[in-house]
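Residue numbers (UniProt numbering): 1 to 173.
As structure tokens, this is what we get:
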């Protein structure tokens, strides 16, 4: 056997991390936005995120002294008003029984800080995605509620209808 003398040291073998069958290389993730504080913030618009941040800021500065979490009181007030007026009631959903063939619509709370100064207050609105209702052929997408001009037109038309016609209108503001 012939030995070769070498002044250089033989390099040590270091396995490539990519050669291992158990190595999972994940792509570098973009940094998360600083304004996302929990998973429910994911579906908020920029305006809603700004209002939430303003709400927290006004509370921290002592400008608003509303108890509870941000928008907790205004959310409860919105649901209480609907319940008191009999608009809806809370029931347990049964997908295999009573509610098997009932279509559900998506809904969410739209939260806003009104005033945005020393007289500011929190406002919540419960909105339902009625645009996906099969019986509706057209709903103006620029308005979540009936427009004021439409309300007035309905009232004017109702004046000329027969006495047996019933017309109800709620929450004109």
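Each residue gets a CB set at the ideal place from its N, CA and C atoms; glycine is no exception. These numbers come from a predicted model, not from an experiment.
Alpha-carbon spacing of residue 53 relative to residue 70, whole angstroms: 9 Å
Coarse secondary structure for residue 71, derived from DSSP in three states: coil
Given residue 75 as reference, the closest of 112, 96, 64 once Cα atoms are compared: 112
Counterpart residues of residue 87 in DSSP-defined beta bridges: Note: residue 87 sits in no beta bridge, so no partner.
Residue 124: first and last residue of the uninterrupted beta strand (DSSP E) it sits in: 121 to 128
Residue 112 (DSSP reduced to helix, strand or coil): strand
Check whether residue 121 and residue 82 have beta carbons under 8 Å apart: no
Residue 151: first and last residue of the uninterrupted alpha helix (DSSP H) it sits in: 148 to 160
Residue 165 classed as buried or exposed, judged by whether at least 16 other C-beta atoms fall within 10 angstroms: exposed
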